[in-house]
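Residues in the sequence shown are numbered from 830 upward in steps of one, following the numbering used here. Heads up: the structure comes next, in structure tokens.
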Amino acid sequence: TWVEPMLATLVHEYFDHPDWIYERKLDGQRCLVFKKGNQVSMYSRNHNSLNERFPELLDSLKKMCPEDFVADGEIVAMDGKITSFSKLQPRMHSSKPDLSVPVKLYLFDLLHFGRLDFTQVPLRARKSVLKSRLRFRDPIRFTPHRNQRGTAFLREAQEKGWEGLIAKDAGSAYVPARSITGSTIPSSARGT
């Protein structure tokens, strides 16, 4: 069944905390993946089907594991090593997919696996199961994270021209709403 995606809150202060993890903020289209048997459905955060726009992702998602799962991620187009929303837009708004614009799907959270509901499991454990139980191959990728040193990671994001970071409470449940347990830190953020 449909699950509302968890959304981060924009903040302009950055921080280090051992109970939080830090991920690169990807500039793309949010994607919830529902796999049941050999059927895969991809939806935007507004519950619009993405299957016809990104058909090349479907086969890869079917082969990730035999179990059913629900995962959360971001579809991106790359401009070198940086995600490019402008390169992705033609794929997002076209009735026929332009397969000449390659995309990748970065998965960063696991909501259900097999018959188990993982939404109340701490984030760090959800990410561990996601990484260990699904077989990641291009164009599907696992979103890596750092367990500490968020301020150093933000400086790295600024140097590399990334959009920013997502800071997440590593012990938090998956909350289907905007939450302070997930914070978007733009590359232009300043410390206090």
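Backbone N, C-alpha and C define an ideal beta-carbon position, used for all residues, glycine too.
DSSP beta-bridge partners of residue i
i       : result
Gly-908 : Correcting the residue type first, residue 908 is Asp in the shown sequence and not Gly. According to DSSP, which records beta bridges pairwise, Asp-908 is partnered with Ile-911.
Ser-870 : Phe-863
Gly-902 : Cys-860, Leu-936
Ser-878 : Tyr-872
Trp-849 : Asp-998
Asp-946 : His-941
Phe-971 : Leu-936
Among the options, the one whose alpha carbon lies nearest that of residue i
i       : options                             : result
Phe-898 : Pro-1005, Ser-915, Val-832, Asp-998 : Val-832
Lys-772 : Ala-1006, Asp-888, Arg-966, Asn-877 : Since the first and last residues shown for the chain are 830 and 1021, residue 772 lies out of range.
Leu-994 : Ala-1002, Gly-902, Gly-943, Gly-979 : Gly-979
Ser-957 : Gly-943, Met-871, Asp-938           : Asp-938
Gly-866 : Asp-856, Gln-858, Cys-860, Leu-890  : Leu-890
His-941 : Pro-931, Leu-963, Ser-924, Asp-927  : Leu-963
Lys-960 : Tyr-935, Gln-858, Tyr-872, Trp-991  : Tyr-935
Cβ distance (whole Å) where residue i is taken to contact residue j below 8 Å
i       : j       : result
Met-907 : Ile-969 : Their Cβ separation, rounded to whole angstroms, is 14 Å, which puts Met-907 and Ile-969 out of contact at 8 Å.
Ile-904 : Ala-999 : With 8 Å as the limit, Ile-904 and Ala-999 do not qualify as a contact, their Cβ atoms being about 25 Å apart.
Gly-873 : Arg-859 : The question names Gly, but residue 873 in the sequence shown is Ser. Correct: roughly 6 Å between the Cβ atoms.
Residues of its chain near residue i, where Cβ-Cβ distance is below 6 Å and the 5 sequence neighbours each way are ignored
i        : result
Val-1004 : Met-835
Own chain residues within Cβ distance below 7 Å of residue i, not counting five before or after
i       : result
Arg-966 : Ser-889
Original post:
Is it true that the region 842 to 857 meets the region 878 to 889, where meeting means three or more beta-carbon pairs spaced less than 8 Å apart?
Top reply: no
Original post:
For the 8 Å Cβ check, are there 3 or more pairs between the region 908 to 919 and the region 939 to 953?
Top reply: no
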